[in-house]
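The sequence shown: position 219 = 219 (the UniProt record's numbering), numbered continuously.
Even glycine gets a Cβ: it sits at the ideal position worked out from N, Cα and C.
Just so we're clear, the structure is a prediction, and the values are computed from it rather than from any experiment.
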Amino acid sequence: MAARKGNNLLEQALRVAQSSGRSHQGRLRSLLRLAARTPGIASADLFLPDSAEPALSECFSSLLSGASRSCLIPYGQGCAGRAASDLREVYGTSVDLHPEERGSGEAGRFVALPILDGTGLAAILSLACPDPELPAESLALCRQLVPVFSLTLSGLAAEQEAHKARRNLSLLASLGQLLAAPTPTAALLSQVVKLCTGSGLAGCAVIRLAPKGRNRGRVYKGCHSSSRRELTALLEFEQRFSARALAAGAPRTDKLPLPGSCRYALCAPLSCNGQLLGTLSLFGRADLLSAEQAEFTGTMARLVAGALTEAICEERVASFDTENEKKLKELSLLYRLSNTMLSTIKLNKLIHLTLTALTSGPTPFFDRAMLFLSNERSGSLVGMLGVTSENAPPLPMPQGGGDDLLSSRWDITEAEMAAQRESEFSRQVQGKRLELDPTLNIASQAVLERRLIYIPEETGIGADTAAVSRTALAASPLIAHGQTVGVVLVDNALTLSPITQEHLRFLQLFTNQAGMAIENSMLYNRIEDAHRQLSEAQESLLQKERLATIGEMAAGIAHELKGPLVSIGGFAGRLARKLPAESDERASADLIVREVVRLEGILSEILLFSKKTTICYTRCNIVDIVNETLAMTAPTVEEKQIEISTKFPRQRQLLLGDCQQLKQVFINIIQNSIEAMAPGGQLSIQVHPAELDGKEAISVKIVDTGGGIPLEQLNNIFTPFFTTKQTGTGLGLPIANRIITNHGGKIQVVNHPGIGAEFRILLPKHW
1 MAARKGNNLL
11 EQALRVAQSS
21 GRSHQGRLRS
31 LLRLAARTPG
41 IASADLFLPD
51 SAEPALSECF
61 SSLLSGASRS
71 CLIPYGQGCA
81 GRAASDLREV
91 YGTSVDLHPE
101 ERGSGEAGRF
111 VALPILDGTG
121 LAAILSLACP
131 DPELPAESLA
141 LCRQLVPVFS
151 LTLSGLAAEQ
161 EAHKARRNLS
171 LLASLGQLLA
181 APTPTAALLS
191 QVVKLCTGSG
201 LAGCAVIRLA
211 PKGRNRGRVY
221 KGCHSSSRRE
231 LTALLEFEQR
241 FSARALAAGA
251 PRTDKLPLPG
261 SCRYALCAPL
271 SCNGQLLGTL
281 SLFGRADLLS
291 AEQAEFTGTM
301 ARLVAGALTE
311 AICEERVASF
321 DTENEKKLKE
331 LSLLYRLSNT
341 MLSTIKLNKL
351 IHLTLTALTS
361 GPTPFFDRAM
371 LFLSNERSGS
381 LVGMLGVTSE
391 NAPPLPMPQG
401 GGDDLLSSRW
411 DITEAEMAAQ
421 RESEFSRQVQ
431 GKRLELDPTL
441 NIASQAVLER
451 RLIYIPEETG
461 IGADTAAVSR
471 TALAASPLIA
481 HGQTVGVVLV
491 DNALTLSPIT
501 QEHLRFLQLF
511 TNQAGMAIEN
521 SMLYNRIEDA
531 HRQLSEAQES
541 LLQKERLATI
551 GEMAAGIAHE
561 LKGPLVSIGG
571 FAGRLARKLP
581 AESDERASAD
591 LIVREVVRLE
601 GILSEILLFS
611 KKTTICYTRC
621 NIVDIVNETL
631 AMTAPTVEEK
641 QIEISTKFPR
651 QRQLLLGDCQ
661 QLKQVFINII
671 QNSIEAMAPG
681 GQLSIQVHPA
691 ELDGKEAISV
701 KIVDTGGGIP
711 LEQLNNIFTP
721 FFTTKQTGTG
731 LGLPIANRII
741 TNHGGKIQVV
751 NHPGIGAEFR
761 ILLPKHW
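Written out as structure tokens, the structure reads:
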């Protein structure tokens with residue numbers, strides 16, 4: 001009966017071992033289940049030895065339905081370990097087992113049977129029995145299965161070797177396809193580590209680049225799901241392991257004190273043309289340490305290193321191309337800016353173009369730009385303009401500019417400049433005066449130190465303004481011919497994007513050109529002002545020469561006419577007294593007398609204007625002079641119902657001057673204002689202390705509601721003999737202007753079209 005059972009069990013085992021439809025691992029599990037069905041046997045386990053160390057590292061069990069599991073049972077420990085070290089059967093109980101040995105929970109007795117092949121230990125078959133004693137018959141039956149297990153294990157080893165060869169070939173093919181395609185460095189190395197873990201070559205793969213170059217110290221890792229729990233410990237070990245391999249310049253192997261399937265490590269340097277680029281580290285089972293696998297890993301490392309070198313070279317070439325293209329665009333932009341600035345001589349337009357160029361376009365350099373000009377007299381920086389990317393229009397080319405770089409330049413319209421000036425941000429900047437103190441703001445620091453200042457965070461251009469920024473801020477001085485003419489401040493307060501070193505370098509180059517252009521514009525404006533003043537002085541001299549000639553002629557004519565007029569007037573008066581009062585002849589004689597009186601007055605004014613007047617200086621109270629003038633014009637004021645308002649200071653306003661001549665000034669001006677107003681008009685006169693050219697003075701302001709002075713006549717009101725009145729001589733205001741000028745004062749006119757005119761008379765006290 002026992003022989004029949006043995007034959008039946010052996011026949012079943014041989015059929016399982018020879019079945020072609022199953023893998024060798026499946027055959028081993030079926031054989032273990034067959035052994036576990038032997039009477040008195042609760043479970044059967046098969047432990048495979050490790051190829052690198054004296055330990056059992058893989059276990060197949062009749063209780064497991066899936067693949068094998070990893071284990072670590074050193075030789076000499078537990079029943080299976082002692083059987084492996086002594087190559088004999090070992091019996092024991094549960095207390096004799098290693099923790100990695102598993103059996104039936106009801107087992108009470110265990111036996112470990114060594115399975116040998118021609119070269120040594122092939123496996124340990126561990127049987128568990130629930131009874132205190134192992135049945136001898138069942139144990140004998142299981143011993144008959146040992147040769148079948150040995151045969152199946154030989155097939156498993158061959159199958160695994162073939163699988164490794166196929167895996168390596170497939171991995172090399174996939175790696176070749178990956179390396180043949182143009183792939184960026186990061187994507188390439190990420191795919192390589194995924195190939196290593198996805199193919200089963202390693203449970204964890206890490207590529208660590210050398211701590212130099214563009215990708216210094218970057219790490220690319222891949223890990224099988226079964227090894228993720230050990231990933232942190234693996235990476236810590238890999239960092240030290242990789243450093244040792246780089247230092248040695250050769251592959252290294254090591255063993256990790258970790259459970260699981262990633263206990264062995266192989267690190268191969270990525271070397272190309274004598275240059276160490278990094279390392280490839282693989283973590284897995286003991287077969288990683290075999291000579292074939294180490295050679296394969298070295299080949300793969302050389303391929304990866306070559307592809308990495310090529311990718312780095314391509315990236316460098318692309319980077320050089322990008323850098324050169326960027327520099328070309330930057331130089332083109334600077335050249336276009338230079339053309340724009342050098343072709344613009346108007347300072348106002350130049351300032352707008354300067355700030356707009358910094359903030360305009362789809363990708364502006366900065367969000368906001370502010371320009372301050374230096375005022376040496378006041379020792380401060382004066383805000384001129386502020387522009388943001390929100391109100392910076394695109395800078396178009398003027399008509400005829402074309403696409404030629406050498407002739408292209410930008411332009412900006414008056415409407416666009418007006419919109420920028422009227423923006424809230426620009427008004428805030430224009431209202432700022434920054435004291436030239438480097439401890440107060442970086443604008444002053446940039447001007448005084450004459451260098452670009454950049455800080456990652458600044459409180460703004462003033463604590464009391466809304467133009468406050470908590471972002472990075474840069475200030476670059478505008479320097480021309482060794483002089484600092486102003487400063488440009490920029491920030492990214494709208495997008496909060498960082499200011500890069502490239503932007504700062506461009507700002508430096510840009511402001512160097514802008515400083516020269518602004519200085520040239522200011523010099524040109526000074527030349528224009530000097531030319532205009534010279535032309536005005538020349539015209540004034542010619543006018544004075546003409547007036548002097550006219551004055552001499554007028555004085556001679558007036559002197560010659562005055563005698564006959566006196567005679568005509570006298571005879572006409574005598575004739576009028578002899579004619580009847582109601583006769584037409586009496587009316588004609590009276591008309592002759594009146595016209596003679598009028599002509600005598602005109603001739604007197606001409607003689608007065610033509611001759612050089614002499615000032616008799618006395619102490620004058622300007623308020624008394626104004627009151628006397630108002631008393632003289634009172635009849636006309638009452639007739640036209642003019643409302644007069646005066647505002648005089650309590651203190652006496654005394655000055656040295658000719659009181660009679662000053663009275664003539666106020667008579668002429670006030671009389672003109674009264675004549676210009678319609679009935680019911682308003683005349684306002686104010687007297688208050690003032691300053692003229694740094695000296696004490698008195699100001700008299702006369703404001704009427706006569707509708708103002710026509711714009712076409714405004715520039716001629718002080719021209720002699722220019723009048724719009726039918727009975728005027730055109731000498732009233734010129735005489736007043738000359739009297740005030742002779743006293744060292746000024747007459748200022750502020751015209752309000754449609755409302756009235758304002759005359760302001762400034763007289764020095766001459767104390």
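Linking K164 to C272 through their CA atoms gives a straight-line distance of about 27 Å. Contact between the segment 291-308 and the segment 261-279 is present: three or more C-beta pairs spanning the two stretches fall below 8 Å.
Unbroken alpha helix (DSSP H) stretches of 4 residues or longer found wholly inside the segment 7-62: 24-36, given in chain order. Per DSSP, Q686 is one residue of the beta strand (DSSP E) stretching across 682-692.
In this chain, the alpha helix (DSSP H) harbouring E159 covers 146-180.
When DSSP states are grouped into helix, strand and coil, P114 belongs to the strand group. Around the beta-carbon of S51, fewer than 16 other beta-carbon atoms lie within 10 Å, marking it exposed.
Per the DSSP secondary-structure output, R619 pairs in a beta bridge with L656. R263 is the residue among I312, R263, T636, L276 whose C-alpha sits nearest the C-alpha of L288. Boundaries around D86 are those of the alpha helix (DSSP H), 78-86, since no beta strand (DSSP E) includes it. Between the alpha carbons of I115 and S126 lies a distance of about 10 Å. Using a Cβ-Cβ distance cut-off of 8 Å, the segment 22-42 and the segment 92-100 are not in contact, since fewer than three pairs of beta carbons, one from each stretch, lie closer than that value. Per the Cβ contact rule, the segment 507-514 is in contact with the segment 484-493 (3 or more Cβ pairs under 8 Å). For M417, the enclosing alpha helix (DSSP H) covers residues 414-421.
The Cβ atoms of A634 and G706 do not sit closer than 9 Å to each other. Annotation for L436: no alpha helix (DSSP H) segment contains it, and DSSP assigns it neither H nor E. T119 sits in coil when the DSSP states are folded into three classes, being neither helix nor strand.
Judged by beta-carbon spacing, L280 lies within the 9 Å limit of V206, meaning their Cβ atoms are closer than that value.
Across the structure, A415 and A392 are spaced so that their CA atoms are roughly 12 Å apart. In the same chain as T629, and ignoring 5 residues on each side of it, the C-beta atoms closer than 8 Å to its own belong to K663, F666, I667, I670, in chain order. G198 places its beta carbon 9 Å or farther from that of S226. In this structure, the alpha-carbon of G680 lies about 36 Å from that of E696. The C-alpha of Q538 lies about 15 Å from the C-alpha of E528. Boundaries around R427 are those of the alpha helix (DSSP H), 424-430, since no beta strand (DSSP E) includes it. DSSP, reduced to helix, strand and coil, places L473 within a strand of the structure shown. L234 sits away from L195, with the two beta carbons spaced by 9 Å or more.
By alpha-carbon distance to Q293, the top candidate from E310, L266, Q275, S535 is L266. A contact is defined here as three or more CB-CB pairs under 8 Å, and the segment 135-146 fails this definition with respect to the segment 174-185. Looking at the backbone, the Cα of S426 and that of V193 are separated by about 57 Å.
When rounded, the separation of the alpha-carbon atoms in D658 and D693 is 21 Å. In its chain, beyond the 5 residues on either side, R208, C267, T279, S281 have a beta carbon closer than 7 Å to the beta carbon of S242. Taken through DSSP and simplified to helix, strand or coil, P580 comes out as coil. When DSSP reads this structure, A757 sits in a beta bridge with N751.
For H688, the number of other beta carbons within 10 angstroms of its own is below 16, and it is reported as exposed. The criterion of a C-beta distance shorter than 9 Å is not satisfied by I709 and Q682. In this structure, C620 keeps its C-beta atom at 9 Å or more from the C-beta atom of L591.
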